[in-house]
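A.B. asks:
Number of protein chains: 2
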Amino acid sequence: MQKAEKSQETNNTKKSLILVSNDDGITAKGIRELVEMMTLLGEVIVVAPDSPQSGMGHAITIHMPLKVRKSDVFKDLGVEAYECSGTPADCVKLAKFHIFKNRTPDLVVSGVNHGSNTSISVLYSGTMSAAIEGAIEGLPSIGFSLCDYGENADFSHVRPHILKIAEQTLKKGLPKNVALNVNFPARFDKETKEEQEIKGTKICRQAHARWQEKFDLRTDPYGREYLWLAGDFVNPDKGEDTDEWAVNNGYISIVPCQFDMTAHHGITYINNEWDI
Amino acid sequence: MQKAEKSQETNNTKKSLILVSNDDGITAKGIRELVEMMTLLGEVIVVAPDSPQSGMGHAITIHMPLKVRKSDVFKDLGVEAYECSGTPADCVKLAKFHIFKNRTPDLVVSGVNHGSNTSISVLYSGTMSAAIEGAIEGLPSIGFSLCDYGENADFSHVRPHILKIAEQTLKKGLPKNVALNVNFPARFDKETKEEQEIKGTKICRQAHARWQEKFDLRTDPYGREYLWLAGDFVNPDKGEDTDEWAVNNGYISIVPCQFDMTAHHGITYINNEWDI
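For the record, the sequence lines run as chains H and L. With the working numbering, letter number 166 in the first sequence gets 1148, and the count goes up by one each step, no holes. With the working numbering, letter number 80 in the second sequence gets 1062, and the count goes up by one each step, no holes.
(1) Lys1011/L to Met1019/L, Cα distance in whole Å?
(2) According to a CB-to-CB cut-off of less than 8 Å, which residues of the stretch 1247-1258 of chain H neighbour chain L?
(3) Quick check: the stretch 1064-1073 of chain H against the stretch 1001-1009 of chain H, are at least 3 beta-carbon pairs closer than 8 Å?
(4) Name the one or two DSSP bridge partners that Phe1197/H has.
(5) Suppose you measure from the CA of Leu1145/L to the CA of Asp1136/H; what does that come to, to the nearest Å?
(6) Between Asn1163/H and chain L, is there a C-beta pair that is closer than 9 Å?
(7) Tell me the rounded alpha-carbon separation between Ile1042/L and Thr1009/H.
(8) Pull out every residue of the stretch 1026-1057 of chain L whose Cβ sits closer than 7 Å to any Cβ of chain H, in chain order.
(9) Helix or strand or just coil, what does DSSP make of Gly1093/H?
(10) In or out: Lys1153/H buried (at least 16 other Cβ within 10 Å) or exposed?
(11) Are the CB atoms of Tyr1208/L and Leu1048/H within a distance shorter than 9 Å?
(12) Going straight from the alpha carbon of Thr992/L to that of Val1104/L, what length do you get?
(13) Who are the near neighbours of Met1046/L in its chain, counting only those whose CB is closer than 7 Å to its CB and skipping five residues on each side?
(14) Going along chain L in order, which residues have a C-beta closer than 9 Å to the C-beta of Arg1169/H?
(15) Helix, strand or coil: how does DSSP classify Asn1165/L here?
(16) Based on the DSSP output, what are the partners of Pro949/H in its beta bridges?
(17) Answer with buried or exposed for Ser1053/H, where buried requires no fewer than 16 other C-beta atoms within 10 angstroms of its C-beta.
(18) If you reduce the DSSP assignment to three classes, tell me which class Thr1244/H lands in.
(19) Provide the residue(s) that pair with Phe1082/L in DSSP beta bridges, ordered along the chain.
(20) So if DSSP puts Cys1123/L in a beta bridge, which residue, or which two residues, is it bridged to?
(21) Quick one: what's got a C-beta closer than 8 Å to Ser998/H's C-beta in the same chain, skipping five residues either side?
(22) Here's the rule I'm using: 16 or more other beta-carbon atoms within 10 Å means buried, otherwise exposed. How should His1096/L be labelled?
(23) Consider the Cβ of Thr1009/H: report whether some Cβ of chain L lies at a distance smaller than 9 Å.
(24) Measure the Cβ-Cβ separation of Val1160/H and Ser1235/H and say whether it is below 9 Å.
(25) Whole angstroms is fine: what's the gap from Asn1230/L's alpha carbon to Gly1248/L's?
(26) Have a look at the DSSP bridge pairing and note the partners of Cys1065/L.
(27) When the Cα of Gly1039/L is compared with those of Val1050/L, Glu1015/L and Gly1068/L, which residue comes out closest?
(28) Step through the CB atoms of chain L and report whether any lies within less than 9 Å of the CB of Ser1111/H.
(29) Is the separation between the beta-carbon of Ser1098/L and that of Phe1126/L shorter than 9 Å?
(30) Mind checking which residues open and close the beta strand (DSSP E) that includes Ile1185/H?
(31) According to DSSP, is Glu1149/H helix, strand or coil?
(32) Starting from the Cα of Ala1117/H, find the closest Cα among Leu1162/H, Tyr1131/H and Gln1150/H and give me that residue.
(33) Let me know if Phe1241/H comes out buried or exposed under the rule of 16 or more other beta-carbons within 10 Å of its beta-carbon.
(34) Measuring straight from C-alpha to C-alpha, what distance separates Ser1036/L and Glu1173/H?
Following this line, the structure appears as structure tokens:
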């Protein structure tokens, strides 16, 4: 019902132009889900990495040239698509300044990521770097992530929610230079394997948690050592207003994000305490 | 005078343990300057990328293993050093959880970067990602950058300032989870080539500026197109309390940075305006 309503509304007004990107690469299942949902809201153009870019944070490519090719991946959906050798942030820059030329997207969406991007992961997340790059450009932007790392993760339960959040963003807008970090609980509980009901949506702050790394030391067939970065997520933040609390309690978390890193309390501290 | 004073002070107390990293790679001129200064304040261990990592933002390496090797680069200074195949954020994680083992650094410093990291560049900066990674680990951390991209940039004018800022951080500390983004004006004016006097230090906020990208489209010898990311820095922010204002007016800028990206005004906006 929601889909029908929305596509009708869209037909009555100027068609929205929507840029879709991600960090798992253009062939991931999650981006196809997102593209399918976005075609219900407007004209979609995809500019996404040609290979997985997880953990790329806000990296951009300045020491190497970029390659961009038209892609047939979304031909069945009638969607124009480009694959790019760069990072998610590169893709948004390329879309804005090279591919879209004089057109400006009404919405930038990134994902759906295969895996959580709550809390501190927003800094390491390629998915969110595409959304934040959109926000830097002054465009309403959203990064969507599902708390399920599986390549074949089930996204069906989040489809109506993706549509609703994107549609509200198009209709009601966002404060300038704000991007949304949206995380969905997985469809099935990791331990019990039982289906989890989504209880609702919480507008949250970023949980103050971090990764406690463990490096897995191995030896290659030539006797040389190498390490795999691994780690446990440690969350001492007991706040029930956090994204971590929300997704762990069956809610969708939406954290509005901005890119001014200034610690204003730090300015006061240094001005008062330091001799400089 | 300052150096003598400081090394004396250091001898009177527990020797500080200082981790040095960067994003221009372990052989860059800037990191050598920083290592030399830090040896005046304590025991230094270097963990830095084995190749340039500019623009890497807060990237971490999760799809590939990491290689770490002991390096002789700072043998002449009696400094233990490791070069790593990963990003600056990887280097700090490796140092903390693999190399330092049960020791905890008193200070994490990154740089000195060959080039400015003011304003929005903090997001794209590998130099700052090392410092912010330190702050995530709860360690006093500083990223130093010189507004001069030259490989042989002149760092001599900033040496006493690096020492003073590092020393104040060790003595007076920083609020928890805050990293400093320090930018120094270049020694010589880019246009007039005249030597510029450093007028002082300003504790600043991040300027609200951005890059207006231009992609330089070229064709390779095989007829395939590729693009170079380039751009102009656009700063509409007229505030005289910003890092951009400071470095452009002969001052050192210090921006205390934090890693909570939550846009709290966005929470209010969505709760009030959206139907969700």
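For every residue, glycine included, the Cβ atom is placed at its ideal position computed from N, Cα and C.
C.D. replies: Reading off the structure:
(1) One-based indexing of the second sequence puts residue 1011/L at position 29. One-based indexing of the second sequence puts residue 1019/L at position 37. Lys1011/L and Met1019/L: Cα-Cα distance of roughly 13 Å.
(2) His1247, Gly1248, Ile1249, Tyr1251, Ile1252, Asn1253, Glu1255, Trp1256, Asp1257 and Ile1258
(3) A contact exists between the stretch 1001-1009 of chain H and the stretch 1064-1073 of chain H.
(4) Working through the first sequence from its first residue, we reach residue 1197/H at position 215. Looking at the DSSP assignment, Phe1197/H forms a beta bridge with Leu1211/H.
(5) Residue 1145/L sits at position 163 when you count from the first residue of the second sequence. Residue 1136/H sits at position 154 when you count from the first residue of the first sequence. The straight-line gap from Cα to Cα measures roughly 54 Å.
(6) Here residue 1163/H refers to the residue found at position 181 when the first sequence is read from its first residue. Yes, Asn1163/H counts as interfacial toward chain L.
(7) In the second sequence, residue 1042/L corresponds to position 60, counting from 1. In the first sequence, residue 1009/H corresponds to position 27, counting from 1. Whole-angstrom Cα-Cα distance: 22 Å.
(8) Pro1034, Ser1036, Gly1037, Met1038, Gly1039, His1040, Ala1041, Ile1042, Thr1043, Ile1044, His1045, Pro1047, Leu1048, Lys1049 and Val1050
(9) The residue you call residue 1093/H lines up with position 111 of the first sequence. It is a strand residue.
(10) Residue numbering aside, residue 1153/H sits at position 171 when the first sequence is read from its first letter. So Lys1153/H ends up on the exposed side.
(11) If you number the first sequence from 1, residue 1048/H lands on position 66. If you number the second sequence from 1, residue 1208/L lands on position 226. For Leu1048/H and Tyr1208/L, yes; Cβs fall inside 9 Å.
(12) Here residue 992/L refers to the residue found at position 10 of the second sequence. Here residue 1104/L refers to the residue found at position 122 of the second sequence. Bear in mind that a pLDDT of 44 at Thr992/L, under 50, signals an unreliable position, so the number given afterwards is only what the model happens to contain. Roughly 31 Å between the two C-alpha positions.
(13) For this step, residue 1046/L is matched to residue 64 along the second sequence. Closer than 7 Å at Cβ, skipping near neighbours: no residue.
(14) By one-based count along the first sequence, residue 1169/H stands at place 187. Those within 9 Å of Arg1169/H in chain L number zero; the least Cβ separation is about 20 Å.
(15) To locate residue 1165/L, count along the second sequence from 1; it is residue 183. In this structure, Asn1165/L counts as strand in the three-state DSSP scheme.
(16) Residue 949/H is absent from the model: chain H starts at 983 and stops at 1258.
(17) On the first sequence, position 71 is the one that residue 1053/H refers to. That one is buried.
(18) Counted from its first residue, the first sequence places residue 1244/H at position 262. Looking at Thr1244/H - three-state DSSP - the assignment turns out to be strand.
(19) As a position in the second sequence, residue 1082/L is number 100, starting the count at 1. Answer by DSSP bridge pairing: none, since Phe1082/L is not bridged.
(20) Here residue 1123/L refers to the residue found at position 141 of the second sequence. It should be pointed out that residue 1123/L corresponds to Ser in this sequence rather than to Cys. The partner list for Ser1123/L (beta bridge, DSSP) reads Val1090/L and Ala1161/L.
(21) Working through the first sequence from its first residue, we reach residue 998/H at position 16. The residues are Thr992, Leu1023, Gly1024, Glu1025, Asp1088, Leu1089 and Leu1152.
(22) Position 114 of the second sequence holds residue 1096/L. So His1096/L counts as buried.
(23) For the purposes of this step, residue 1009/H is identified with residue 27 of the first sequence, where counting begins at 1. Output row for Thr1009/H: interface = no.
(24) Taking the first residue of the first sequence as position 1, residue 1160/H is located at position 178. Taking the first residue of the first sequence as position 1, residue 1235/H is located at position 253. Not a contact, by the Cβ cut-off of 9 Å.
(25) By 1-based counting over the second sequence, the position of residue 1230/L is 248. By 1-based counting over the second sequence, the position of residue 1248/L is 266. Going by the C-alpha atoms only, they are around 32 Å apart.
(26) Taking the second sequence and counting its residues from 1, the one referred to as residue 1065/L is at position 83. Rather than Cys, the amino acid found at residue 1065/L in this sequence is Glu. Note: Glu1065/L sits in a beta bridge opposite Ala1030/L and Arg1051/L.
(27) Position 57 of the second sequence holds residue 1039/L. Of the candidates Val1050/L, Glu1015/L and Gly1068/L, the one whose C-alpha sits nearest the C-alpha of Gly1039/L is Gly1068/L.
(28) Taking the first residue of the first sequence as position 1, residue 1111/H is located at position 129. Chain L contact via Cβ: present.
(29) As a working note, residue 1098/L is residue 116 in the second sequence. As a working note, residue 1126/L is residue 144 in the second sequence. Contact check for Ser1098/L against Phe1126/L fails: the beta carbons are separated by 9 Å or more.
(30) Counted from its first residue, the first sequence places residue 1185/H at position 203. That run of the beta strand (DSSP E) goes Gly1182 to Ile1185.
(31) Counted from its first residue, the first sequence places residue 1149/H at position 167. Reduced to three states, the DSSP call for Glu1149/H is helix.
(32) Sequence index remark: in the first sequence, residue 1117/H carries index 135 (1-based). For the residues Leu1162/H, Tyr1131/H and Gln1150/H, the minimum Cα distance to Ala1117/H belongs to Leu1162/H.
(33) Within the first sequence, numbered from 1, the residue matching residue 1241/H stands at position 259. Result: buried.
(34) Indexing the second sequence from 1 puts residue 1036/L at position 54. Indexing the first sequence from 1 puts residue 1173/H at position 191. If I take the Cα positions, the gap works out to 41 Å.
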